[in-house]
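Before any comments, here is the structure.
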Amino acid sequence: MWEIPMAAIMDSDLPTAIAHAMDVQLDASAEVVATWLRKNFDRHYNGNRSPFGIYLHPVHVGNATQLYNEFFAYARTFPDVWFVTNQQLLQWMQNPVPSSQLADQPYMKCSVPAVSKEICNGLDDAKLGSVDKGVIETCNFVAGPWSTCYGCPGEMPTPANPVPTRAIAPGQPGYRTPVPATCAMEWWDPINAQCLCTSSNCTFTDTAVPITKTGGNENTGTTTPHRSGAAGHIGSAAWAGFGLVAALAAGVAQLL
């Protein structure tokens, strides 16, 4: 099992510094948070270059879009800075390559499945401007509503019963079928119990965004379909040799 530590954003260099883990934009003014981000990034970049994570909840981004865009612009001015998801980071850790070869790796193509209809898979398949529009299910409980692609439980999950029986049993109308071992989540339609990828050459569309700064994300962002690309451990000192510095939580680019 691979794990990525969530390095906290420290608000000063003093022994009394307070650590901020997620949604740091909620903890101070935009000007103050911008200073925190730059100083913490500089410490990672000028130190052992361990991944610098930005972790956000979409609902809390609010008016902080400009704050993060300005920080991303600042980070891009440094050589060998790559903006990647945690999953991309893990794939690089399992098979590290020099930064000069990183843009050519299949996992850096930001590929999404070429699905012709909207299915409940966490993606905007039909390009309607909303993820899983019309196919996601809302579960209403006293503690608050939440959404799922795979059917609401019959009762609120608790530590004693974390996976309650589904409200709709298999075989009944409205049952949503879990992802089988023979299909990837992005291709699975839980409502119709159908895998939309039935061969080894299922196509993807590359949505990578090109950044022309030297040493940055210089993948081309083409829409050429390609095949889906399907360990070890790297010490902290090894990060500097490959130039992989910034690791962003999945979905941040879509938010901004």
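Numbering (this note's numbering), first residue to last: 1137 to 1392. Beta carbons are placed, not taken as given, at the ideal position from N, Cα and C, and that holds for glycine. Being a predicted model, the structure only gives us computed values, none of them experimental.
Of the other Cβ atoms in all chains shown, 16 or more fall within 10 Å of the Cβ of Phe1208; this residue is therefore buried.
The DSSP-derived three-state label of Ser1335 is coil. Taken atom to atom, the span from the alpha-carbon of Phe1219 to that of Lys1175 is near 18 Å.
Annotated three-state conformation of Trp1218 is coil, per DSSP.
Residue pairing for Gln1161: DSSP places it in no beta bridge.
Residue range Ser1235 to Leu1238 is occupied by the alpha helix (DSSP H) that includes Ser1236, with no beta strand (DSSP E) assigned at that position.
When C-beta atoms of the segment 1264 to 1274 are compared with those of the segment 1244 to 1254, three or more pairs fall below 8 Å, so the two segments count as touching. Inter-residue distance for Gly1290 and Gln1230 is about 40 Å (C-alpha atoms, whole angstroms).
Annotated as proximal: Asp1216 and Ser1235, with beta-carbon spacing under 8 Å. Shown here for Pro1281: same chain residues with a beta carbon closer than 7 Å to its own, the five before and five after excluded, namely Thr1274 and Cys1275 in chain order.
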